[in-house]
Amino acid sequence: MLSAPLVISASFAYLLALFAIAWWADRRAQAGRSVIGNAWVYALSLAVYCSAWTYFGSVGRAAGSGVWFLPIYLGPMLAMILAWLVVRKMIRIARAYRITSIADFIASRYGKSPSLAGLVTLITVVGIVPYMALQLKGIASAYAVMTSPLGAIRTQAGPWWADSTLYFALALAGFTIVFGARHLDTTERHEGMVAAIAFESLVKLLAFLAVGLFVTYGLFGGLGDLFGRARGDDSIGRLLQFGQGQPFAYSQWAGLTLLAMLSVIFLPRQFQVMVVENVHESHLRRAVWVFPLYLLLINLFVLPIAIGGLLHFGPGQMNAEMFVLSLPLAQGWHALALFAFVGGLSAATGMVIVEAIAVSTMVCNDLVMPWLLRTKRFGARSAADLTGLLLGIRRLAILVILLLGYLYFHLAGEAYALVSIGLISFAAVAQFAPALLGGMYWKGGTRHGAMAGLLAGFLCWAYTLMLPSLAKSGWLDDGFLRDGLFGIFWLRPEALLGLGALDNLTHSLFWSLLLNIGAYVGVSLWRLPTAAEASQALLFVDVDRRSDARQPVFWQGRAQAPALQALLARFLGVERAQRLIDGYAQEQTGGTVQALVADARLVQFVETQLAGAIGSASARVMVASTVEEEALDLQDVMRILDEASQLRAYSHALEEKSVSLERATAELRQANEQLTSLDRLKDDFMSSVTHELRTPLTSIRAMAELIRDEPDMPAEQRQQFLGIVVVEAERLSRLVNQVLDMAKIEAGHAEWHNTAVDMRALLEQAAGSLAELMRERGITLSLELPEQVAPLQADADRITQVVLNLLSNAAKYAPQDGGRVRLSLQESPDGVKVQVQDNGPGVPLEQRERVFEKFRQVSGDDHYRPGGTGLGLPISRQIVERFGGRLWLEPAPGGGACFAFFLPFGAPDPAGSPS
Amino acid sequence: MHDVLVTQRLVALFGVAVALLNFPLLALWDHDVLWLGLPLFPAALFAIWALLIGLLAWAVERPAAGVAGPH
Chain R
1 MLSAPLVISA SFAYLLALFA IAWWADRRAQ AGRSVIGNAW VYALSLAVYC SAWTYFGSVG
61 RAAGSGVWFL PIYLGPMLAM ILAWLVVRKM IRIARAYRIT SIADFIASRY GKSPSLAGLV
121 TLITVVGIVP YMALQLKGIA SAYAVMTSPL GAIRTQAGPW WADSTLYFAL ALAGFTIVFG
181 ARHLDTTERH EGMVAAIAFE SLVKLLAFLA VGLFVTYGLF GGLGDLFGRA RGDDSIGRLL
241 QFGQGQPFAY SQWAGLTLLA MLSVIFLPRQ FQVMVVENVH ESHLRRAVWV FPLYLLLINL
301 FVLPIAIGGL LHFGPGQMNA EMFVLSLPLA QGWHALALFA FVGGLSAATG MVIVEAIAVS
361 TMVCNDLVMP WLLRTKRFGA RSAADLTGLL LGIRRLAILV ILLLGYLYFH LAGEAYALVS
421 IGLISFAAVA QFAPALLGGM YWKGGTRHGA MAGLLAGFLC WAYTLMLPSL AKSGWLDDGF
481 LRDGLFGIFW LRPEALLGLG ALDNLTHSLF WSLLLNIGAY VGVSLWRLPT AAEASQALLF
541 VDVDRRSDAR QPVFWQGRAQ APALQALLAR FLGVERAQRL IDGYAQEQTG GTVQALVADA
601 RLVQFVETQL AGAIGSASAR VMVASTVEEE ALDLQDVMRI LDEASQLRAY SHALEEKSVS
661 LERATAELRQ ANEQLTSLDR LKDDFMSSVT HELRTPLTSI RAMAELIRDE PDMPAEQRQQ
721 FLGIVVVEAE RLSRLVNQVL DMAKIEAGHA EWHNTAVDMR ALLEQAAGSL AELMRERGIT
781 LSLELPEQVA PLQADADRIT QVVLNLLSNA AKYAPQDGGR VRLSLQESPD GVKVQVQDNG
841 PGVPLEQRER VFEKFRQVSG DDHYRPGGTG LGLPISRQIV ERFGGRLWLE PAPGGGACFA
901 FFLPFGAPDP AGSPS
Chain A
1001 MHDVLVTQRL VALFGVAVAL LNFPLLALWD HDVLWLGLPL FPAALFAIWA LLIGLLAWAV
1061 ERPAAGVAGP H
């Protein structure tokens, strides 16, 4: 045993550490560097599911019935598989409409009904207070085990004010108030609290694992040894078997799994951390698998600890729920026992803190506020500032809930085993499932349906589970358990209508959910939804389909912006209200508050903000009393929806138009760039042409001046000069012709006379006309022509022009005396290929394409030959391409240049006229 | 497109989980033997659990790679 002061001071030190963490996280949040904006922290905060009930109760259950503690954790596994679909939708809905509690969620869905919100809150309080008591009981028992001699059961003695559990409950209330209800926030988010809860989750996991490792490897020689010894003992070994000597209770197994699956989403604390405190929905993506992993880890050693305890102490000797503490204590590992105690403490405090915050929000918004707002003093007509009052109510609610829990623990604490209280609470919150899930996916559910379902389920739960448990602890006469209510046998609470095949929990769950769903669906189908129900149904069910800006607003009437702002100020404070309205004005009109039109959207904005602070039902009442509303009927709702979807279609069309406009702009820009570059090309061309023209002109002019200025020039010199003048003039006229030719071809004005051309004859003719020139220069021209080629459609003069150009180029570059030029023709199925090869210097690789550019003779090297115009090859290429062919420079096998062109048989008509 | 695929995978996985953890497949582990030194039934439950967590993590965390079509 440890001394009481040590355990108490350790507990308070731990609470102080929590305090420090929460304070630090709040400070960080204010500085804009949130610590909880992280998927891991979010996942850890979900582990608030593991309360003292898990920490202590699971071992107790395992020691009594083997693996039957597991369905409570396999249920969440199943729920998390679908959470990415279901919980994500809940998060979106809650965010869009500022929903801050499960009561608000249900009430808001069914037309913002205050009575529905009140009913859900009542069910929650009735169902949850025993569960809070359970946590206090867990801590009290743990404290007793820590501070009593081993095995001695200490009885509670002394006056009530000496009970340490009371002070512990008060301390927890203080902590919860500081971090849960310090200031008003329309999103009900508590950064510091979430950070502290995530930390608590880590502590309880580590502590439980530490004890597990200690028992398995310290006390025993590993898992094999532990289970081997367990099998040696009949009563303990049976726990590890499948049926444990009886038929396996499948229905109970499935019932427990279903119960846990629903609770992990609908318990107020789970809804709080999972939906309300969610920072970003993407965090859910990681949490859906990390949270089940956490549950797996914390359950890994439950069975070893339970079996170890049973083997160590002997069955029935010690309270199995406290094995986590008593095993280390029995071995004298006091530090480990203290750590395990702190782990249990964190499991209990985490649950109590979050649950108290969630329930206090509900109590304040859904029970107290609707009643207060109906009174004269605080009602719609009054102008009193209610921010302080709101906070006061919440703080008081937290204190009252914890004291109620304590009271319940004090009165009933010894009556139940830990596990059964937990399951009774689970079954109570499971009643929210039909109305909530149905409301998210079915538009036909109505307020009366939800109300009937909840009432039927709740009453059935109370009759078949809650009352029997009270009777079993001796507070009620248990005669009705055996004989039925009023002695009617088939009304026995644990075997309604004689249905006795199920255990009491599954029995209750089955009947309550059956009646719940039956009443919900049945009553909903009784009549059409009202306008308010239908509009909320549309907003909830289709939340995924609309972005914020395109949500239809189901409101019509007249409002005044100042009145709305004043209303906000009453509940949120003047400064906050001003900031919110300014922000809204900025977003909507980009301007000032004065320009703001008090339209339906503004009314909706104010109502949503208000809903965050006082719940949607109260917000609806307050707004309705501030503005002049026109009642909507179902047709109005349909009309508004229609308009919204038309607007959506319109904006979609607008979007498309702007996209096509953008595309057109891009095309225009491209065309403009092309034009600019063409313009530049033209300028370049002009300057080149001018340059080429000037060269022969200059020499003609120089010669002519010489002849004019020297009348007594010798005749032969004059003759020589005149010869130059003639040659240059010829070059000039050739150039002018070619330029004109080029321009014509490029502009598409050239004339083409297509006839059937025999290439063989054409080549022979061309070779013949240049044969004389070649021979003069000492160049041998060889022809390689097939016997016959098929005729092709082309302009014979143009093709001759190309061949002559290529041949004269070859003659120009082939060496004088010993030069060789080869002209060859090959026929293929597609067309003919003509090659002209010389044995001159050839064209360097990097110049291969440049020779086809205008005025681009291969200049600047030794092989430059004057006399060319630089237009021959470009023109030739244009001509060949006109007939659908290609002209290119081939690598020549024996050096020199080898030009080739290809003409297809099926050439397009270059004239463009239909052939 | 990817979202639709993930949704279908999750619903399918839910079906697998329900089937594995209920009647009659649970009875597969109705043997009083040790498996690697562990009692078969609890070990099988934990193994199924771990498998489900692995599959779930794969289904939700996998990036959209390999999925055809634009969003």
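So the protein sequences, as listed, match chains R and A. Position one of the first sequence corresponds to residue 1 (the working numbering), numbered consecutively onward. Position one of the second sequence corresponds to residue 1001 (the working numbering), numbered consecutively onward. We treat Cβ as the ideally placed atom computed from N, Cα and C, and that holds for glycine. Everything numeric in this text was worked out from a predicted model, so none of it was measured.
Contact under 8 angstroms by Cβ, residue i with residue j
i	j	result
arginine 394 of chain R	alanine 181 of chain R	yes
valine 35 of chain R	alanine 171 of chain R	no
leucine 46 of chain R	valine 273 of chain R	yes
alanine 133 of chain R	leucine 259 of chain R	no
alanine 173 of chain R	leucine 390 of chain R	no
proline 328 of chain R	alanine 337 of chain R	yes
leucine 903 of chain R	leucine 722 of chain R	no
phenylalanine 1023 of chain A	valine 67 of chain R	no
glycine 917 of chain R	aspartate 1030 of chain A	It is not possible to answer for residue 917 of chain R, since the shown part of chain R is limited to 1 through 915.
valine 802 of chain R	glutamate 827 of chain R	no
leucine 515 of chain R	alanine 456 of chain R	yes
glycine 557 of chain R	glutamate 630 of chain R	yes
leucine 240 of chain R	alanine 230 of chain R	yes
leucine 806 of chain R	valine 851 of chain R	no
6 angstroms CB neighbourhood of residue i in its chain, flanking five on each side removed
i	result
leucine 74 of chain R	Thr257
histidine 863 of chain R	Residue placement at histidine 863 of chain R is flagged as unreliable, the pLDDT there being 47, under the threshold of 50; the coordinate-derived value follows with that caveat. Answer for histidine 863 of chain R: Pro841, listed in chain order.
Reduced DSSP category for residue i - H, G, I as helix; E, B as strand; rest coil
i	result
aspartate 838 of chain R	strand
alanine 1065 of chain A	Low confidence applies to alanine 1065 of chain A: its pLDDT is 45, below 50, so where it sits in the model is not reliable, and the reading given next is rough at best. Reduced to three states, the DSSP call for alanine 1065 of chain A is coil.
threonine 755 of chain R	strand
lysine 376 of chain R	coil
glutamate 607 of chain R	helix
glutamine 793 of chain R	strand
arginine 189 of chain R	coil
lysine 854 of chain R	coil
glutamate 630 of chain R	coil
alanine 417 of chain R	Low local confidence applies: a pLDDT of 48 at alanine 417 of chain R is under 50, so the model's placement there is unreliable, with the coordinate-based value given in what follows. In the structure shown, alanine 417 of chain R sits in coil (DSSP, three-state: anything other than H, G, I, E or B).
serine 913 of chain R	Annotation note: pLDDT 44 at serine 913 of chain R (below 50); position unreliable, no value reported.
cysteine 898 of chain R	strand
Residues near residue i by beta carbon distance below 7 angstroms, same chain, minus five either side
i	result
leucine 300 of chain R	Gly212
phenylalanine 458 of chain R	Ile123 and Gln431
alanine 799 of chain R	Rather than alanine, the amino acid found at residue 799 of chain R in this sequence is isoleucine. Counting only Cβ-Cβ distances below 7 angstroms, and skipping sequence neighbours, we find Val757 and Leu762.
glycine 474 of chain R	none
phenylalanine 685 of chain R	Lys854
Within chain A, partners of residue i - CB distance below 7 angstroms
i	result
glutamine 331 of chain R	Per Cβ cutoff of 7 angstroms: no residues; glutamine 331 of chain R is ~23 angstroms from chain A at best.
tryptophan 289 of chain R	Ile1053, Leu1056, Ala1057 and Val1060
arginine 285 of chain R	Val1060 and Glu1061
Partner residues on chain A for residue i, Cβ-Cβ distance less than 8 angstroms
i	result
leucine 74 of chain R	Leu1021, Leu1045 and Trp1049
threonine 257 of chain R	Leu1021 and Asn1022
Same chain, Cβ closer than 8 angstroms to residue i, five either side skipped, listed in chain order
i	result
leucine 295 of chain R	Ala47, Tyr49, Cys50, Tyr73, Pro76 and Met77
glycine 860 of chain R	Note that glycine 860 of chain R has pLDDT 46, beneath the 50 cutoff, so the model's placement of it is unreliable and the number below is only indicative. Hits under 8 angstroms: none found.
valine 784 of chain R	Note that residue 784 of chain R is glutamate in the sequence shown here, rather than valine. Excluding residues within five positions, the ones whose Cβ falls inside 8 angstroms are Arg822, Leu823, Ser824 and Leu825.
isoleucine 398 of chain R	Ala173, Thr176, Ile177, Gly180, Ala181, Ala356, Ile357 and Ser360
leucine 706 of chain R	Met713 and Phe721
Under 8 angstroms from the C-beta of residue i: neighbouring residues of chain R
i	result
tryptophan 1029 of chain A	Phe242
Chain-ordered chain R contacts of residue i [CB-CB under 9 angstroms]
i	result
valine 1004 of chain A	Result: empty, since nearest Cβ-Cβ is about 11 angstroms, beyond 9 angstroms.
leucine 1026 of chain A	Phe242, Phe248, Tyr250 and Trp253
Contact list for residue i against chain R, beta-carbon separation under 7 angstroms
i	result
leucine 1010 of chain A	Ile81, Leu82, Trp84 and Leu85
leucine 1034 of chain A	Phe227
Closer than 9 angstroms at the beta carbon, the chain A residues around residue i
i	result
methionine 77 of chain R	Ala1017, Leu1021, Trp1049, Leu1052, Ile1053 and Leu1056
leucine 296 of chain R	Phe1046, Trp1049, Ala1050 and Ile1053
| If you scan the region 58-139 of chain R from start to end, which runs of the beta strand (DSSP E) of 3 or more residues do you find wholly inside it? | Counting only runs of 3 or more, we get nothing.
Just list the beta strand (DSSP E) runs in the region 638-721 of chain R, keeping only unbroken ones of 3 residues or longer that don't cross its boundaries, in chain order. Fully enclosed beta strand (DSSP E) runs of 3 or longer: not present.
Which ranges would you report for the alpha helix (DSSP H) in the region 426-466 of chain R if only whole runs of at least 4 residues count? Here the runs fully enclosed are 432-441 and 447-461.
Check: Which residue spans inside the region 736-790 of chain R form an unbroken alpha helix (DSSP H) run of at least 4?
Finding: Considered as a whole, the region 736-790 of chain R harbours 759-777 as its complete alpha helix (DSSP H) runs of no fewer than 4 residues, in chain order.
- Message: My parser needs the alpha helix (DSSP H) runs of 4 or more residues fully inside the region 502-577 of chain R; what are they?
- Response: Here the runs fully enclosed are 504-524, 531-541 and 561-572.
- [ ] For the region 216-294 of chain R, list the alpha helix (DSSP H) runs that are entirely contained and at least 4 residues long, ordered along the chain.
- [x] Within the region 216-294 of chain R, complete alpha helix (DSSP H) segments of at least 4 residues are found at 223-232, 234-237, 250-266 and 268-271, given in chain order.
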